[in-house]
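Be aware that the sequence shown starts at 1, since it is given in UniProt numbering, and climbs by one per residue.
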Amino acid sequence: MALGLSLKNITKTFGDFKALSEVSFDIPPGQFVTLLGPSGCGKTTLLRIIAGFLEPDEGEVLFDQTVMNDIPPNKRNTAMCFQSYALFPHKTVYENIRFGLRMRKVPQEEHHPRIEEAMAMVNLTGLEHRKPYELSGGQQQRVALARSVVVRPEILLFDEPLSNLDAKLREKVRVEIRDLQKKLGITTIYVTHDQAEALAISDLIVAMKSGTILQNSHPRTIYDQPSSKFIADFIGSANIVPCTVKRLGGSLFSTESPYGTLRAEDQDFPRDQGEAFLCIRPEDVRPALAGEDTSAMNLVNGVVENSVYMGSMLDLRVTVKDHFLQVNVSKDYLITVGARIDFTIPPAKIRLLES
Ligand SMILES: Nc1ncnc2c1ncn2[C@@H]1O[C@H](COP(=O)(O)OP(=O)(O)OP(=O)(O)O)[C@@H](O)[C@H]1O
Ligand SMILES: [Mg+2]
1 MALGLSLKNI
11 TKTFGDFKAL
21 SEVSFDIPPG
31 QFVTLLGPSG
41 CGKTTLLRII
51 AGFLEPDEGE
61 VLFDQTVMND
71 IPPNKRNTAM
81 CFQSYALFPH
91 KTVYENIRFG
101 LRMRKVPQEE
111 HHPRIEEAMA
121 MVNLTGLEHR
131 KPYELSGGQQ
141 QRVALARSVV
151 VRPEILLFDE
161 PLSNLDAKLR
171 EKVRVEIRDL
181 QKKLGITTIY
191 VTHDQAEALA
201 ISDLIVAMKS
211 GTILQNSHPR
221 TIYDQPSSKF
231 IADFIGSANI
241 VPCTVKRLGG
251 SLFSTESPYG
261 TLRAEDQDFP
271 RDQGEAFLCI
281 RPEDVRPALA
291 GEDTSAMNLV
301 NGVVENSVYM
311 GSMLDLRVTV
321 KDHFLQVNVS
331 KDYLITVGAR
341 IDFTIPPAKI
351 RLLES
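And the structure:
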């Protein structure tokens with residue numbers, strides 16, 4: 001059975017530096033949760049506290065309903081997989097994977113079948129006698145993964161496991177990690193500062209900044225309904241400009257911004273009026289088509305200053321009323337630099353954020 005995990009008001013200081021400040025969240029059993037945030041925000045510190053390598057100053061770590069604070073790391077049944085893999089260079093793949101079993105004093109006769117099983121899970125069968133230096137980066141990462149799962153942990157912890165791999169391989173191995181996690185149903189906490197990776201792999205994303213949690217939601221919610229300017233900017237690209245808002249009724253607002261008067265539909269914005277920021281994703285803006293009924297849309301007129309072919313789309317730099325607007329459109333549009341174009345933005349795609 002997978003374990004649920006709860007963190008309650010975890011605080012950790014190093015000297016007079018507060019690395020974590022009242023961090024709380026719950027992870028349901030079997031979920032894949034990503035801790036996402038910029039360098040230094042406290043991700044590794046939090047993982048180490050969950051694994052038991054570090055003690056929090058305050059707060060509780062619970063596995064299911066059991067407080068784990070006083071339980072040493074080797075009794076917690078977690079396994080941690082690092083960026084550096086931490087493989088033994090002089091040991092074979094087989095012996096590297098066996099290491100965790102020895103540490104946990106798993107009976108000798110169980111070793112072979114469990115190692116074989118773990119190697120098959122990560123597609124390493126046949127490579128048992130190689131040394132790490134005889135493996136590719138992706139294969140080394142899989143050895144580290146096999147070494148984590150062979151001990152059958154109830155919670156699997158990953159600290160930026162893919163950052164040494166090139167982009168293509170990273171995508172491949174992250175799918176493998178996710179498939180394996182789903183198959184085993186192990187509660188998993190995965191640390192990354194790669195937002196695309198977090199969106200692709202997670203059931204839940206915990207977005208962190210300076211030792212605090214800013215938002216804890218499903219990937220789609222965190223992307224479509226970021227709760228702050230910081231998250232909107234950190235996850236994906238966004239045009240974020242200051243504005244004044246006025247509620248027209250229900251969830252409909254009128255906004256005045258550098259882009260002109262725009263209508264925004266936002267279920268979550270709490271106030272009726274005042275200063276705020278509006279956030280528009282580049283892919284939610286597109287050229288108005290000839291004869292198109294745009295009455296339900298916002299229309300902005302802008303000049304295309306630059307167009308970059310990105311393979312899957314065009315990345316446009318447009319100026320609207322002297323203000324920069326990033327627009328991503330299908331590469332099938334024929335867009336000339338210097339052209340003046342009407343662009344549409346659906347009101348429901350404009351997000352209002354507190355200033
Ligand atoms: N043992 C320590 N002594 C003093 N400060 C520390 C210690 N460990 C971490 N810190 C500080 O705590 C903060 C959080 O560190 P942490 O390693 O958790 O960040 P991180 O989010 O994992 O960053 P990165 O993405 O760069 O790995 C950093 O400012 C770091 O310098
Ligand atoms: Mg770290």
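No residue lacks a Cβ here, since even glycine has one placed at the ideal position from N, Cα and C. All values derive from a computational prediction rather than experimental measurement.
- Message: Using DSSP's beta-bridge definition, name the partner residues of G40.
- Response: Answer is none; G40 lacks a bridge partner.
- Message: Starting from R220, trace the beta strand (DSSP E) in both directions and tell me its first and last residue.
- Response: Premise fails: R220 lies in the alpha helix (DSSP H), 219 to 224, not in any beta strand (DSSP E).
- Message: Can you look up D70 in the DSSP assignment and give me helix, strand or coil?
- Response: Under the three-state reduction of DSSP, D70 is assigned to coil, being neither helix nor strand.
- Query: Just to confirm, are L325 and Y259 a CB contact at a threshold of 8 Å?
  - Reply: Result yes, Cβ atoms of L325 and Y259 sit closer than 8 Å.
- Message: For R102 and M208, what's the separation of their Cα atoms in angstroms?
- Response: Taking the straight line from one Cα to the other gives about 36 Å.
- Query: For F343, is the classification buried or exposed, using 16 other Cβ atoms within 10 angstroms of its Cβ as the cut-off for buried?
  - Reply: Answer is buried; the Cβ neighbour count reaches 16.
- Query: Considering only C-alpha positions, which residue in the set E154, R48, A19 is nearest to T78?
  - Reply: With distances taken between Cα atoms, T78 lies closest to E154.
- Item | P219, buried or exposed, once every other Cβ within 10 Å from all chains shown has been counted against 16 | Burial call: buried.
- Task: Say yes only if the C-beta of V191 is nearer than 7 Å to one or more non-hydrogen atoms of ligand 2, and no if none qualify.
- Result: Taken from the Cβ of V191, at least one heavy atom of ligand 2 lies inside 7 Å.
- Message: Along the chain, where does the beta strand (DSSP E) containing Y190 start, and where does it finish?
- Response: Note, Y190: beta strand (DSSP E), 187 to 192.
- Query: If you draw a straight line from the C-alpha of R351 to the C-alpha of Q225, how long is it?
  - Reply: So the two alpha carbons sit approximately 7 Å from each other.
- Mapping DSSP to helix, strand and coil, what is I50? Assignment of I50 by DSSP, reduced to helix, strand and coil, places it in the helix class.
- For F63 versus L124, is the C-beta distance shorter than 8 Å? Cβ distance not < 8 Å, so F63 and L124 don't count as in contact.
- Query: Using 8 Å as the Cβ pair cut-off and three pairs as the minimum, do the region 329 to 347 and the region 300 to 319 touch?
  - Reply: Flag = yes, the region 329 to 347 and the region 300 to 319 touch.
- CB-CB length for L87 against N96, believed under 8 Å: Correct: roughly 5 Å between the Cβ atoms.
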